[in-house]
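Note that the protein sequences, when read in sequence, are chains A and B.
Sequence positions in the first sequence follow my numbering and run 208 to 322.
Sequence positions in the second sequence follow my numbering and run 12 to 123.
Have a look at the structure below before the remarks.
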Amino acid sequence: SQQGEEDPQALSIQEGENATMNCSYKTSINNLQWYRQNSGRGLVHLILIRSNEREKHSGRLRVTLDTSKKSSSLLITASRAADTASYFCATYNFQTQGGSEKLVFGKGTKLTVNP
Amino acid sequence: ETGVTQSPTHLIKTRGQQVTLRCSSQSGHNTVSWYQQALGQGPQFIFQYYREEENGRGNFPPRFSGLQFPNYSSELNVNALELDDSALYLCASSAGVKQPQHFGDGTRLSIL
């Protein structure tokens, strides 16, 4: 089952523009993570925001978290062609088998940055 | 620092066969998680190993099994392969159970 749902599913912009992706989730969280996946490659961890944080920056990335709306957004400023990738949000979700929590990913937003 | 490496990169099998996928975790990481990623979908959690013990399992049947070795490398075994098992299998290691995960580039498994 998917915990996070990214929106939009696909986004195409020009180099230099900003890209905003949104994520909604269903259950209470301790933190929310964003990952990037280049085509045919593994995922790369971008940023982790804790439930008591509202905004976090890392280079050209800005992540916001609204726990009252159970949503997060990832903003990439001054985008580059190299930012072309799929972006996923992920949260820990309590699972039934084993009693521990598992990291649950959304379906992702496919970002294309045109040169 | 050596990252997460997976082998093989690609594999073709037929229905009913068995497969073993391997993962070497990043240096210093004691936790390994395995994910299945179908085309156009996000990764789905299969199971996690922490210090050689299974530490949680997703909604996958028992024919999906795993191991973690003393050096924290890991194997994913799938028996009685089905067509729906065709996917990218990702391994991720971390320095603890809820730490950010470092992914390998995956094994692309195709079932004919």
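Heads up, the beta-carbon is just placed ideally off N, CA and C, and yes, glycines get one too.
Opening and closing residue of the beta strand (DSSP E) in which Asn-237/A lies: Neither: Asn-237/A is in no beta strand (DSSP E) and is coded neither H nor E.
Closest to Gln-29/B by C-alpha separation, out of Glu-86/B, Gln-59/B and Gly-107/B, would be which residue? Glu-86/B
Anything in chain A within Cβ reach of Pro-81/B, meaning under 8 Å, just list it in chain order. Those within 8 Å of Pro-81/B in chain A number zero; the least Cβ separation is about 21 Å.
Any chain A beta carbon closer than 9 Å to His-113/B: yes
Please confirm whether Gly-249/A has its beta-carbon closer than 9 Å to some beta-carbon of chain B. yes
Comparing C-alpha positions only, which one of Ser-293/A, Ala-285/A, Val-311/A and Trp-241/A sits nearest to Glu-222/A? Ala-285/A
Would you tell me roughly how many angstroms separate the C-alpha atoms of Ser-76/B and Asn-88/B, rounded to the nearest one? Taking the straight line from one Cα to the other gives about 5 Å.
Does Glu-308/A get closer than 9 Å to chain B when you measure Cβ to Cβ? yes
Using a Cβ-Cβ cut-off of less than 7 Å, give me the residues of the region 268-299 of chain A that come near chain B, in sequence order. Phe-295 and Tyr-299
Just the chain B side, please: which residues come within less than 7 Å of Gly-315/A by C-beta, in chain order? Near Gly-315/A (Cβ distances below 7 Å), the residues of chain B are Gly-53.
Kindly indicate which residue of Ala-297/A, Asn-229/A and Ala-217/A has the alpha-carbon position closest to the one of Thr-271/A. Relative to the Cα of Thr-271/A, the nearest Cα in the group Ala-297/A, Asn-229/A and Ala-217/A belongs to Asn-229/A.
Please confirm whether Gly-39/B has its beta-carbon closer than 9 Å to some beta-carbon of chain A. no
Listing by chain order, which chain B residues have their CB less than 7 Å from the CB of Leu-255/A? For Leu-255/A, the neighbours in chain B by C-beta distance under 7 Å run, in chain order, Pro-111.
Rounded to whole angstroms, what's the CA-CA distance from Arg-267/A to Arg-119/B? Just pull it up for me. 32 Å
Quick check: the Cα distance between Leu-50/B and Arg-287/A, rounded to an integer number of angstroms? Each residue's Cα considered, the two are about 25 Å apart.
Give me the chain A residues within the contact set of Leu-22/B, using Cβ-Cβ distance strictly less than 9 Å, ordered along the chain. The contacting residues do not exist; Leu-22/B stays about 15 Å from chain A at best.
For the beta strand (DSSP E) that contains Val-270/A, what are its first and last residues? 268-273
Would you say Gln-48/B and Ala-103/B are within 9 Å of each other, going by their C-beta atoms? no
Cα-Cα separation, Gly-309/A to Ser-279/A: Note that residue 309/A is Lys in the sequence shown here, rather than Gly. Rounded to the nearest angstrom, the two C-alpha atoms are 19 Å apart.
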